[in-house]
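Student:
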Amino acid sequence: MRKRSIAVICAILFTFAALTACENKKSSSSDGEKTDNVSSAEHKLSNPNANAETVKTYDYLCSSFGKVILSCQQESTWMGSPDYEMKYIEEVTSKLPAMRGLDFMNNDFDGVVERSKAWHEKGGIVTICWHTGVNGSGYRESLDDDPDFDKLLTKGTDEYNAMISSWDRAADALAELQDAGVAVLWRPFHEFDGKWFWWGKGGKDNFIKLWRQMYDYYTNEKGLNNLIWVLGYSGEVKKGWYPGDDYCDVIGSDTYDNNTNRKAWKKLKAMNTGKPLAFHECGNVPSVGEFEKDGAMWSWFMIWHTDHIMNNPQDNLKEVYNSEKVITLDELPEL
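This is the structure we're talking about:
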């Protein structure tokens, strides 16, 4: 196994940024002026007031996209230790993932904040999703809730106020991470075009309104400047669900078909957004050779928790984590 120094990695990832797949984009803000941090950024986030840590993290993702793939692992919290998956990966591969996936599910705001801070202190990157009902709680509610979107999306209604109350709890947790200097790859309302979760049941037009409403509320009213917004399609990547370039920073898709998700990659590339593309959930991760053969060099892959990571063939997992094309925790630059 050939080792690479951090200096070599940084040189590869940050030199010749003009050749990367990310494009510089114009961004607008209701607050007007751009911050000094963002005006000097190589790649523009949707939020022109993004803080320094978030800008640096996004620059890294953009500069590395198409060259290497970051490793990521979703945690569980009910297997005796919240590091159940991380310890297993380290045992098998002698490495840890560059990114840790967390979930506000079951209103675990305090726990996610604590573990996110700890991962950040290790030098890692944090991505957070949210299995929740309209008014909070967990996975069951995310599937079973079936709201009236006309009422839900109308300010002042009981339905709207109850939803916003739930959003406020997550916003407080994200604000605590902002105060701690933690940039978050924020992936709400994932697999929306699959329409099995409540946030997709109203169809594409209502989803776009919902997404934009959260984006505006968190960005402009709550002042959350530490979020990199990840728009997470299902494996189908259906047309007509895109909320617009000004409302997201990364576009992704997931599949549990144990392949490189090549079909979704082609659909996302065809959208020509210039944003990094993420394989934000998978079961068995393919070999690096398969990713290269299919031309699907995602910004990151994230293996799902518990049985999903355990079902990965250990030989392939070890090979992937020790590949020169895959970035692990020890290989990240200081962000």
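Position in the sequence shown (first residue = 1) + 1452 = our numbering.
The beta-carbon is built from N, C-alpha and C at its ideal position, and this holds for glycine as well.
#1: Could you compute how far the alpha carbon of Leu1769 sits from the alpha carbon of Glu1542?
#2: Among Ile1761, Tyr1667, Asn1501, which residue has its Cα nearest to the Cα of Cys1734?
#3: Would you mind stating whether Ala1550 and Cys1524 have Cβ atoms separated by less than 9 angstroms?
#4: In the DSSP output, what is Met1749 paired with across the bridge?
#5: Which residues in the same chain as Phe1561 place their Cβ atom closer than 8 angstroms to its Cβ, once the five residues preceding and following it in sequence are excluded?
#6: Would Val1578 pass as a contact of His1572 if the rule is Cβ separation under 9 angstroms?
#7: Measure the CB-CB distance between Thr1780 and Lys1547 and report whether it falls below 9 angstroms.
#8: On the DSSP bridge assignment, give the partners of Asp1806 in chain order.
#9: Taking just the CA atoms, how far does Trp1651 sit from Asn1613?
#10: Figure out for me which residue from Tyr1540, Lys1653, Ile1660, Gly1576 has the closest Cα to the Cα of Ser1594.
#11: Taking the alpha helix (DSSP H) that Asp1706 belongs to, which residues open and close that run?
#12: Which whole runs of the alpha helix (DSSP H) in the stretch 1502 to 1526 are 4 residues long or more, in chain order?
#13: Taking the Cβ atom as the reference point for each residue, do Leu1522 and Ile1680 lie within a distance shorter than 9 angstroms?
#14: Three or more C-beta pairs closer than 8 angstroms, one from the stretch 1637 to 1645 and one from the stretch 1600 to 1610: is that the case here?
#15: Could you tell me the distance, in whole angstroms, from the CA atom of Glu1776 to the CA atom of His1732?
#16: From the DSSP output, which residues share a beta bridge with Trp1681?
#17: Can you tell me the Cα-Cα spacing of Thr1712 and Lys1574, whole angstroms?
#18: Could you work out which residue in Asn1763, Glu1783, Leu1787 is closest to Val1544 when comparing CA atoms only?
#19: Our contact map puts Tyr1667 next to Tyr1694 with C-beta atoms below 8 angstroms; I'd like the distance itself, whole angstroms only.
#20: Counting C-beta neighbours from all protein chains within 10 Å, is the total for Ser1568 16 or more, i.e. buried, or is it exposed?
#21: Using the three-state DSSP reduction, which class does Asp1560 fall into: helix, strand or coil?
#22: Contact check, Gly1518 vs Met1749 under 8 angstroms by CB: the rounded distance?
#23: What three-state label does DSSP hand Met1538 in the structure shown?
#24: Beta-carbon within less than 7 angstroms of Lys1656's beta-carbon, same chain only, minus the 5 sequence neighbours each way: which residues are those?
#25: Kindly provide the ranges of any alpha helix (DSSP H) runs that are 4 or more residues long and lie completely inside the stretch 1594 to 1632, ordered along the chain.
#26: Within its chain, find whatever has a CB closer than 6 angstroms to the CB of Lys1674; leave out the 5 residues flanking it on each side and keep chain order.
#27: In angstroms with no decimal places, state the Cα-to-Cα distance between Ile1660 and Asp1596.
#28: Alpha helix (DSSP H) containing His1757: first to last residue?
#29: Taking the alpha helix (DSSP H) that Leu1662 falls in, what are its first and last residues?
#30: Put Phe1731 into one of helix, strand or coil per three-state DSSP.
#31: Between which two residues does the beta strand (DSSP E) harbouring Leu1554 extend?
#32: For Gly1675, which residues does DSSP report across the bridge?
#33: What are the boundary residues of the alpha helix (DSSP H) that includes Lys1719?
#34: In terms of DSSP beta bridges, what is Val1578 paired with?
#35: Which residue from Trp1638, Lys1727, Leu1662, Pro1728 puts its Cα closest to that of Lys1607?
#36: In three-state DSSP terms, what is Thr1545?
Tutor: Once the coordinates are examined:
#1: 11 angstroms
#2: Ile1761
#3: yes
#4: Answer by DSSP bridge pairing: none, since Met1749 is not bridged.
#5: Arg1621, Ala1622, Asp1624, Ala1625
#6: yes
#7: yes
#8: Because the chain in this structure spans residues 1453 to 1787, residue 1806 falls outside the shown range and cannot be described.
#9: 16 angstroms
#10: Lys1653
#11: No alpha helix (DSSP H) holds Asp1706; the beta strand (DSSP E) holding it covers 1702 to 1706.
#12: 1504 to 1516
#13: no
#14: no
#15: 20 angstroms
#16: Trp1638
#17: 29 angstroms
#18: Asn1763
#19: Their Cβ separation, rounded to whole angstroms, is 13 angstroms, which puts Tyr1667 and Tyr1694 out of contact at 8 angstroms.
#20: buried
#21: coil
#22: 5 angstroms
#23: helix
#24: Gly1692, Trp1693
#25: 1601 to 1604, 1610 to 1631
#26: Ala1623
#27: 20 angstroms
#28: That residue, His1757, is in no alpha helix (DSSP H); it is neither H nor E in DSSP.
#29: 1656 to 1668
#30: strand
#31: 1551 to 1555
#32: For Gly1675, which the question treats as bridged, DSSP gives no partner whatsoever.
#33: 1714 to 1722
#34: Arg1552, Val1636
#35: Leu1662
#36: helix
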